[in-house]
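These notes are about the structure you will find just below.
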Amino acid sequence: MLTAGPLDADLATFCESGLSIVVACSGQDGWPMVGLALACAADVAAQRLRLVMSRDANQALLAAAARSGAIAATFSQPGSHRSIQFKGGLACAEVAQPEDIRRAAEQTDAFCRILVRAGYSETLASAYCAHDPAGLAVLSFSPRDAFLQTPGPGAGGALPR
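Numbering (the numbering used here), first residue to last: -5 to 155.
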């Protein structure tokens, strides 16, 4: 087990609940790169997050994150706007496993329902959440720091460990 990190059981549950997941890193030229993940698997004991994403749409991001090892991921819940950002390292691009594919289906279904409840049409929500199970990849990393990003006076503040 790694030393104590920012990922606890409550944050793990939140991250796995079907959210908007924005992933960022720096390219070789130093410019930011941004992508979207479909799902997350959080391992509290190992202090590791597995982000499931479209391989084709995120090829450059996967390569850049694996090359630099540094990554940031923001998890946001439409409706409440609750948002948590993790920054970390030891990023690694991996082949999606059957469990990752299952998680992507479950979490995108949950996110689609959230979007519909928030007022988006089913057509738009379904299109936003659509993905090819055979075209998924994983970007895993070890979160080092966590920040509250929910809009309001505490936004940007570090979460206690």
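Note that CB positions come from ideal geometry on N, CA and C, so glycine has one too.
Look at the alpha carbon of residue i and the alpha carbon of residue j, and state the distance between them as a whole number of angstroms.
i, j, result
"D103", "A121", "11 Å"
"P147", "T7", "24 Å"
"A140", "T68", "9 Å"
"S77", "I15", "10 Å"
"Q143", "H75", "9 Å"
"D126", "D4", "30 Å"
"D23", "M47", "23 Å"
"M(-5)", "C9", "Legend: pLDDT at M(-5) = 41, less than 50; position of this residue unreliable, no value from coordinates given."
"D2", "R138", "12 Å"
"C106", "A119", "5 Å"
"G150", "E93", "33 Å"
"R96", "W25", "33 Å"
Find out if the Cβ-Cβ distance for the pair residue i, residue j is shorter than 7 Å.
i, j, result
"L13", "Q79", "no"
"S136", "G82", "yes"
"A98", "L32", "yes"
"G21", "A60", "no"
"A(-2)", "R155", "yes"
Would you please state the rounded distance, in angstroms, between the beta carbons of residue i and residue j? I believe it to be under 8 Å.
i, j, result
"A112", "G63", "With 8 Å as the limit, A112 and G63 do not qualify as a contact, their Cβ atoms being about 35 Å apart."
"L56", "A90", "About 11 Å; that fails the 8 Å criterion."
"A66", "A18", "5 Å"
Starting from the Cα of residue i, find the closest Cα among the options and give me that residue.
i, options, result
"C86", "L45, L109, A119, E93", "L45"
"G29", "V38, A(-2), A54", "A54"
"P0", "A39, L118, P92, A131", "A39"
"D50", "V132, V110, E93", "V132"
"S11", "Y114, A128, R96, E100", "E100"
So with Cβ pairs under 7 Å, would you call residue i a contact of chain C?
i, result
"N52", "Any reference to chain C falls outside this structure, which holds one protein chain only."
Original post:
Considering only residues of the region 105 to 143, which uninterrupted beta strand (DSSP E) runs meet the minimum length of 3 residues and lie entirely inside it, listed in chain order?
Top reply: List check, beta strand (DSSP E) in window: 130 to 142.
**OP:** Give, in chain order, every unbroken run of the alpha helix (DSSP H) that is at least 4 residues long and sits entirely within the region 37 to 119.
**Re:** Segments of the alpha helix (DSSP H) lying fully in the region 37 to 119: 53 to 62, 92 to 111.
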